[in-house]
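See structure below.
2 protein chains.
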Amino acid sequence: MSIFTPVSESQLATWLKNYSVGGLIGLEPIASGIENTNYFVTTSQGRYVLTLFERLPAAELPFYLELMAHLARHGIPCPAPIADLADRYLSSLNGKPATLVTRLAGASVENPGVAECVELGALLARMHLAGRSYGGYLENPRGPKWWRRAADEVRPFLDPLRAAQLESELRFQAQHRFADLPRGAVHADLFRDNALFDNGRISGVFDFYFAGVDCFVYDLAVCVNDWCLVDPEGDRRLDEPKTLALLGAYRAIRPLESTEGEAWPVMLRAAALRFWLSRLHDKHLPRPGELVKVHDPEHFCEILALRGARGAPAPWAA
Amino acid sequence: MSIFTPVSESQLATWLKNYSVGGLIGLEPIASGIENTNYFVTTSQGRYVLTLFERLPAAELPFYLELMAHLARHGIPCPAPIADLADRYLSSLNGKPATLVTRLAGASVENPGVAECVELGALLARMHLAGRSYGGYLENPRGPKWWRRAADEVRPFLDPLRAAQLESELRFQAQHRFADLPRGAVHADLFRDNALFDNGRISGVFDFYFAGVDCFVYDLAVCVNDWCLVDPEGDRRLDEPKTLALLGAYRAIRPLESTEGEAWPVMLRAAALRFWLSRLHDKHLPRPGELVKVHDPEHFCEILALRGARGAPAPWAA
């Protein structure tokens, strides 16, 4: 349950008078999501998602909303923020920063196959290319600086083995920085549940509220670690056909540089570390009043261990 | 037939590499339209319209494209221009300025009833409100200055009665200028064939290439003269239920000022004059190589005469 700030139909109908989207027809709370309050909104004009921001720093919101607007007008199927009559993407509703974005068609795919990985890889490459002309800047809010802060916070809750693994990985990552990798705006959280498919085609990517500027190949590693497992509920090794399909489709649109190939094994570990840490944090330091399902941190601890094994060069480096 | 500049699949596939819309799947010429070359374009990402501008002044194109982009991001269902990798809406294809815009769903309605007039009136009001924050400026290119220029050009082709009617109307309009009417970006050509309906709802308005800054009530008069006739093929008087429905839906969203009510009968005549003149011009001074069907100028001459009759105050003035 993630309705932190309830919105009534009459409150919304009044608020919508500041927009050009017609009259309110329906309002439906969205139960998933852990950061914001979300509603599906139907008006005489179309279908939208209303988001009330509960804890994201207000100063970061323009980066996310302008990025979505930028990508949408380049043809990337992501939620497009709707500007109000004062020409702003962000206004206020029931005391919270709020935005209205277009609702995308389609449904998430729990067990993507090679075909879905091809779709995702191609879209990710197009998104990276489209994002290069985006002028906004926000350092990846879940990057190395945050890793160290989060590690300090969760360390007291870890058993000695896990604590040692965490220290070891932080040290490894600190020794492997790649300052010259191609960078730009990245989604940084493009898990299966943040993508929609319609008739076999990828029809949307959403939830840009962990986006930031980072290496493109890091974004790719986040995706591969979630989309390309042999079995997400069991065998967390990378499935080679799915991995090659995703990377191949990406490279057909945005060829990777040799430095990106060299960084690849480290990036897979970095992407695993980031989500291991956030899941540890969510588990051991839940926010007050939080009722969301906690994802098991061990899932990413195991992925990290598997990616850390020797002999994991970039599959395209051969 | 309006393909002035043919585009092959391989030419388009190459051009689309500058965009983030995926690979080309299909290309289909659009036969209607008299100003530009248009194609329906299907890619792995979606459905678009490709437009090559054949004769619009290059300096005016940004006004139209930025206006469409502005309205689209306010939720108005109009074609949204797609930005290329250099972040431009306008580039070049086969030597012509070219743009790619989203394709809207739905179909035009030849004989709109009260329900469709309600839909149009509401959308027009929302469009006018959304357009108030648009920063671009282009004087209505078919405004009073153009009337006089066009009248000079078509006068030699008119019989004495029509010539006298034209002079009389130009004089009448010159005596009735309304400098203080609410103004903004207006479509100025929102005929039935420039709107789409889907399941009874208005799903799109397009062809913004006669747009400009003018009185809102002039835009309303252009619509009423086309959408609200008793019989477009015969009785060109205004159908009162349809007229009141369109105006009522508009006014529910953007109330009209008393000055707009006073100007209304003059605006209906101005809107008829503009299209009478352009049809006369298309008939008597066709552009070289033009093969399009010429619309009968007499249609608007008759509308002008009917609107010019005494006793035609604003229907909401009572």
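If you read the sequences in order, they're chains A and B.
Going by this note's numbering, the first residue of the first sequence is number 1, and it counts up by one from there.
Going by this note's numbering, the first residue of the second sequence is number 319, and it counts up by one from there.
Glycine included, C-beta positions come from ideal geometry on N, C-alpha and C.
Note that the structure is predicted; figures quoted are calculated from it, not measured.
Which of helix, strand or coil DSSP assigns to residue i
{"i": "C228 of chain A", "result": "coil"}
{"i": "E346 of chain B", "result": "strand"}
{"i": "N260 of chain B", "result": "Outside the modelled stretch of chain B, which goes from 319 to 636, sits residue 260 of chain B, for which no answer is possible."}
{"i": "D189 of chain A", "result": "coil"}
{"i": "G518 of chain B", "result": "coil"}
{"i": "Y366 of chain B", "result": "strand"}
{"i": "P144 of chain A", "result": "helix"}
{"i": "D219 of chain A", "result": "helix"}
{"i": "F371 of chain B", "result": "strand"}
{"i": "R183 of chain A", "result": "strand"}
{"i": "D296 of chain A", "result": "coil"}
{"i": "V114 of chain A", "result": "helix"}
{"i": "A416 of chain B", "result": "strand"}
{"i": "D84 of chain A", "result": "coil"}
{"i": "G212 of chain A", "result": "strand"}
{"i": "E260 of chain A", "result": "helix"}
{"i": "V154 of chain A", "result": "helix"}
{"i": "E327 of chain B", "result": "helix"}
{"i": "V523 of chain B", "result": "strand"}
Neighbour-count burial assignment, residue i, 16 or more Cβ in a 10 Å radius
{"i": "G212 of chain A", "result": "buried"}
{"i": "F475 of chain B", "result": "exposed"}
{"i": "Y455 of chain B", "result": "exposed"}
{"i": "P395 of chain B", "result": "buried"}
{"i": "L603 of chain B", "result": "exposed"}
{"i": "A318 of chain A", "result": "With a pLDDT of only 37 at A318 of chain A, under the threshold of 50, the placement of this residue in the model should not be trusted, and no figure is reported."}
{"i": "G522 of chain B", "result": "buried"}
{"i": "V294 of chain A", "result": "exposed"}
{"i": "S10 of chain A", "result": "exposed"}
{"i": "A59 of chain A", "result": "exposed"}
{"i": "M319 of chain B", "result": "Model confidence at M319 of chain B stands at a pLDDT of 48, short of 50, so the residue's coordinates are unreliable; what they give is reported in the following sentence. Under this definition M319 of chain B is an exposed residue."}
{"i": "A404 of chain B", "result": "exposed"}
{"i": "V548 of chain B", "result": "exposed"}
{"i": "S333 of chain A", "result": "The structure shown does not extend to residue 333 of chain A, since chain A is modelled only from 1 through 318, so no value can be given for it."}
{"i": "K242 of chain A", "result": "buried"}
{"i": "R171 of chain A", "result": "exposed"}
{"i": "E578 of chain B", "result": "buried"}
{"i": "S338 of chain B", "result": "buried"}
{"i": "R126 of chain A", "result": "buried"}
{"i": "S576 of chain B", "result": "exposed"}
Cβ of residue i within 8 Å of any chain B Cβ
{"i": "L67 of chain A", "result": "no"}
{"i": "R126 of chain A", "result": "yes"}
{"i": "G75 of chain A", "result": "yes"}
{"i": "A105 of chain A", "result": "no"}
{"i": "A249 of chain A", "result": "no"}
{"i": "M1 of chain A", "result": "Legend: pLDDT at M1 of chain A = 48, less than 50; position of this residue unreliable, no value from coordinates given."}
{"i": "A211 of chain A", "result": "no"}
{"i": "A245 of chain A", "result": "no"}
{"i": "A122 of chain A", "result": "yes"}
{"i": "L304 of chain A", "result": "no"}
Integer-rounded CB distance, given that residue j should sit under 8 Å from residue i
{"i": "G340 of chain B", "j": "T361 of chain B", "result": "4 Å"}
{"i": "G393 of chain B", "j": "Q175 of chain A", "result": "The Cβ separation is near 50 Å, so there is no contact."}
{"i": "G15 of chain A", "j": "L93 of chain A", "result": "At residue 15 of chain A the sequence reads Trp, which differs from the Gly that was named. Right, the Cβ-Cβ distance comes to about 5 Å (below 8 Å), so this counts as a contact."}
{"i": "F515 of chain B", "j": "D544 of chain B", "result": "In fact, because the Cβ distance is near 15 Å, the residues do not count as touching under 8 Å."}
{"i": "F528 of chain B", "j": "P397 of chain B", "result": "No, F528 of chain B and P397 of chain B are not in contact; Cβ-Cβ is about 15 Å, not under 8 Å."}
{"i": "L622 of chain B", "j": "E487 of chain B", "result": "6 Å"}
{"i": "Q491 of chain B", "j": "L591 of chain B", "result": "7 Å"}
{"i": "V7 of chain A", "j": "Y39 of chain A", "result": "6 Å"}
{"i": "I202 of chain A", "j": "R391 of chain B", "result": "Contact flag wrong, Cβ pair sits at about 22 Å."}
{"i": "F216 of chain A", "j": "R183 of chain A", "result": "7 Å"}
{"i": "A245 of chain A", "j": "G121 of chain A", "result": "7 Å"}
Contact with chain A by residue i, beta-carbon distance below 8 Å
{"i": "A401 of chain B", "result": "yes"}
{"i": "R592 of chain B", "result": "no"}
{"i": "A404 of chain B", "result": "yes"}
{"i": "S362 of chain B", "result": "yes"}
{"i": "A398 of chain B", "result": "yes"}
{"i": "A636 of chain B", "result": "With a pLDDT of 37 at A636 of chain B, under the threshold of 50, the predicted position of this residue should be treated as unreliable, and no value is reported."}
**Short-range partners of chain B found in the stretch 9 to 26 of chain A, where Cβ spacing is below 8 Å** = Y19, S20, V21, G22
**Asked** Quick one, which residues of the stretch 176 to 208 of chain A are near chain B if we go by CB-CB under 8 Å, in chain order?
**Response** R201
**Item:** Residues in the stretch 127 to 153 of chain A having any Cβ partner in chain B nearer than 8 Å
**Value:** M127, L129, A130, R132, S133
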